[in-house]
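Below is one structure; the comments refer to it alone.
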Amino acid sequence: MKVKRTESGFLVALDVGDEIITSLKKVAELERIGMASLAGIGAVRDVVLGYLDLDQKQYLKREFGPESMELVSLLGNVARLEGEPIAHCHVVLGDREMHTFGGHLFKATTSVTVEIFVRVFEGEISRQFDPNFGANLLTI
Amino acid sequence: MKVKRTESGFLVALDVGDEIITSLKKVAELERIGMASLAGIGAVRDVVLGYLDLDQKQYLKREFGPESMELVSLLGNVARLEGEPIAHCHVVLGDREMHTFGGHLFKATTSVTVEIFVRVFEGEISRQFDPNFGANLLTI
Amino acid sequence: MKVKRTESGFLVALDVGDEIITSLKKVAELERIGMASLAGIGAVRDVVLGYLDLDQKQYLKREFGPESMELVSLLGNVARLEGEPIAHCHVVLGDREMHTFGGHLFKATTSVTVEIFVRVFEGEISRQFDPNFGANLLTI
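Protein chains in written order, with the numbering used here: chain Y, 7 to 146; chain B, 7 to 146; chain P, 7 to 146.
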């Protein structure tokens, strides 16, 4: 993982094998980030996406296999959950036919590179688990 | 709707039942926004998407049912149309199979939460209806 | 192409017939951009998308026909390749059924308008061709 400081945050370039959510948490811990917006692209493999089922109040998960997929879009934010930084990302993947799949990102491993702009804001936002939805919601 | 001020704009966290386009217009009116960029994620229901048909010079619309969908990507901007703030957003939705749908956003109701970063710029940009396309284009 | 200067970069509004990658390169040359993030929406035609095949170490390409498609998402960045500015963009397209396609953007011609926020950063990032992948990777 390479990290370049900018005027308003960081550009994070992940290397092959780096997992996205874990890597973003590491950057957030190291740089003491309490609030940030995220936007990125790249190529990934071994992805787990989620869809929040409001009847079951939990995420349905779907795995995307070992083949590399284009990370067509990653958008999200960094907040704090019980004091720990947590990256909340939604992504769109593209396969070799350019078909797309999308959802809540649980994990994705960099297959070529992932380039994410982390725009850091002063202060902090927090998440809290909401049993009505089965998800960690912002409490700002 | 919860709104947190940042150095460069706002983080808007919509509550269940909040409609996206209407909520963004409210924020823009309240904060006198003349120009902004938008980026967000969340989960929504009762969505209407549009595809601009250049032969008919009007949007074809498609409704997405009462079931919640992941708001996988929202990108767009705020400008002024006849003096009133208007949010122009394109979105990608993900269903429970992680299949995606996308287009111009006419409306979407928050089903869990929607988290949108509003990056405000000084000054103002304007839109004007262009009958050649059937759409409101920027006149910057 | 219309370009509006903002506090942190530019809003680029492309006109019918403007190709995206070429236009972004022009803006980057004119404004001497060494590093920027990109986020945009619009409507395009005559698109070429790519999927990086890691066995062949080259992009598979797919063309999307003459009919206009919604540019549902464009994310990416500007860096330098052999001293020249280069825009690296991934996009999601939506057709008249709101079905989506996505991948690495090789080219796309504006069919109605394309509205891109270019967030410029000080300094410069560089790309270099990596034969292990068949792609230009960041060397920050």
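Where is the CB? At the ideal position from N, CA and C, for every residue including glycine.
Short check: CB of residue i to CB of residue j, under 9 Å?
| i | j | result |
| --- | --- | --- |
| B/E121 | B/L20 | yes |
| P/V84 | P/A141 | no |
| P/A45 | B/L99 | no |
| Y/K8 | P/L87 | no |
| P/F139 | P/L58 | yes |
| P/V78 | P/I27 | no |
| P/E76 | B/H94 | no |
| B/V18 | B/L30 | yes |
| Y/E25 | Y/T119 | no |
| Y/K10 | P/I92 | no |
From the DSSP output, in three-state form, read off residue i for me.
| i | result |
| --- | --- |
| P/E90 | strand |
| Y/E35 | helix |
| B/T119 | strand |
| Y/S14 | coil |
| B/L77 | strand |
| Y/T28 | helix |
| B/N138 | coil |
| B/T145 | coil |
| B/Q62 | coil |
| P/D21 | coil |
| B/R102 | coil |
| P/G82 | strand |
| Y/E128 | coil |
| Y/G56 | strand |
| Y/G71 | coil |
| P/G40 | coil |
Quick one: using the 10 Å Cβ neighbour count with 16 as the cut-off for buried, is residue i buried or exposed?
| i | result |
| --- | --- |
| B/E128 | exposed |
| P/E73 | exposed |
| P/E69 | exposed |
| Y/D61 | exposed |
| Y/R125 | buried |
| Y/G71 | exposed |
Cα-Cα, which of the options is closest to residue i?
| i | options | result |
| --- | --- | --- |
| B/D136 | B/E13, B/Q64, B/V18 and B/D24 | B/Q64 |
| P/K67 | P/I92, P/K113, P/G40 and P/S14 | P/K113 |
| P/G40 | Y/F107, Y/G40 and Y/T12 | Y/T12 |
Would you verify that the beta carbon of residue i is, or is not, closer than 9 Å to some beta carbon of chain D?
| i | result |
| --- | --- |
| Y/V98 | Looking at the structure shown, chain D is missing, and the protein chains on hand are Y, B and P. |
Original post:
Would the region 95-106 of chain B and the region 124-136 of chain Y be scored as touching if the rule is three or more Cβ pairs under 8 Å?
Top reply: As far as the Cβ criterion goes, the region 95-106 of chain B does not touch the region 124-136 of chain Y, which means the pair count is below three.
**OP:** Decide yes or no for the touch test of the region 26-35 of chain P against the region 46-54 of chain Y: beta carbon pairs closer than 8 Å, at least 3 of them.
**Re:** The way I'd put it, the region 26-35 of chain P doesn't touch the region 46-54 of chain Y; fewer than three beta-carbon pairs between them come closer than 8 Å.
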